[in-house]
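Single-structure report; data block below.
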Amino acid sequence: MRNRNTKNSSGHLTADNIKGFKVTEETTLLPFLFKIMPDKSRTEIKSLLKYKHIAVKDKATTQFDMPLLPGDEVKVNFGRSFYKFNNPQVRIIYEDEWMVVIEKASGLLSVANDTSKDNNAFVIVRDYIRHDNSDAELYVCHRLDQYTSGILMFSKNRDMQQELRENWDFYVKERKYVCVTERVPERPEDEIRSLLTENDRLQVHSTDNEEEGKLAVTHYRLLQSRGRYALLDVEIFTGKKNQIRVHLAEMGCPIAGDIKYGAETNPARRLMLHNYRLSIVHPVTGELLRFQLPFPQVFRKLTQPDNLR
């Protein structure tokens, strides 16, 4: 993709560009906005108000007839809205004109499925960016399993989505996970390679059939262990469905909480798999972006040796 300017496809700036204006006489908000922005059309000003680019006394508003008194301050954000995103299942890690990167909670779908259309990361993030621009679109770049937490990336541009999908291995330089397994691996570090396929019950498994399976490569390293549980640092070099879960389960070390692939316990009441690092070359700017999250505390606590407690 070629580099672009600092605006998105609608010409809407995404960085803060805030100016403050003091009220000198009693009036209402919309006439005041017309007065302080003579270079903008009435339609443009109403759009700024509609999409929460206007704040009175530091509080975003869409009320066109709000009373104003001398001494009040009206702020206009010409870049993005004053809307503050707050969702217990999604945290915005990074955003620019072309992409949004989030931290997804365990239990939240990445995208809709047949039973849940509205409560998923895609819809939550799409609604968020539409607070700035009602015509904004969002596109899926990759997915995390519903009960896997961690870093998830979306594109605001269809061309960028297509570029990433067609050249994923070129742009993505690192994908690392941390997990807790129910058994300590015999080898403290190893690489697992197998051909993966999916059966009629939607379970992924390894196969010797080269025509049926697709190569998956997983590297793991033991960080610490306590009793039956082990904390592993895992890097994947392919992005196949359920890849880490299958490879570790077939090694005899299912991920704690992963009942689908043979786990017997669920000590954290969740699948103990977390995508903590993603390094990617920005398809537009060419910049290498590194995103990293802390390990979930319960992962460390469960596997911390007694002598370190």
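With the numbering used here, the residue at position 20 of the sequence shown is 1220, and numbering never jumps.
Every residue gets a Cβ at the ideal spot worked out from N, C-alpha and C, and that includes glycine.
Within the same chain, show all residues whose beta-carbon is closer than 8 Å to that of Glu1226, passing over the 5 residues directly before and after it, in chain order.
Pro1267, Leu1268, Leu1269 and Pro1270
By the three-class DSSP mapping on this structure, what secondary structure does Tyr1461 have?
helix
DSSP state of Gln1492, grouped into three classes?
strand
Which residue or residues does DSSP assign as beta-bridge partners of Thr1348?
None; Thr1348 has no bridge partner.
In whole angstroms, what separates the C-alpha of Glu1303 from that of Tyr1328?
14 Å
Please name the residue, chosen from Asn1442, Ile1436, Glu1382 and Ile1218, that lies closest to Thr1503 on a Cα-to-Cα basis.
Glu1382
Do you know how far the Cα of Pro1231 is from the Cα of Thr1348?
51 Å
Along the chain, where does the alpha helix (DSSP H) containing Val1300 start, and where does it finish?
That residue, Val1300, is in no alpha helix (DSSP H); its beta strand (DSSP E) goes Met1299 to Lys1304.
Could you round the C-beta distance between Ile1480 and Tyr1371 to whole angstroms and report it? I think they count as a contact, below 8 Å.
5 Å
Any idea which residues DSSP pairs Cys1379 with across the strands?
Leu1432 and Leu1473
Output the residue ranges of the beta strand (DSSP E) runs that lie fully inside the stretch 1273-1347 and measure 3 residues or longer, sorted by chain position.
1273-1277, 1290-1295 and 1299-1304
Would you check if the distance between the CB atom of Val1276 and the CB atom of Lys1219 is smaller than 7 Å?
yes
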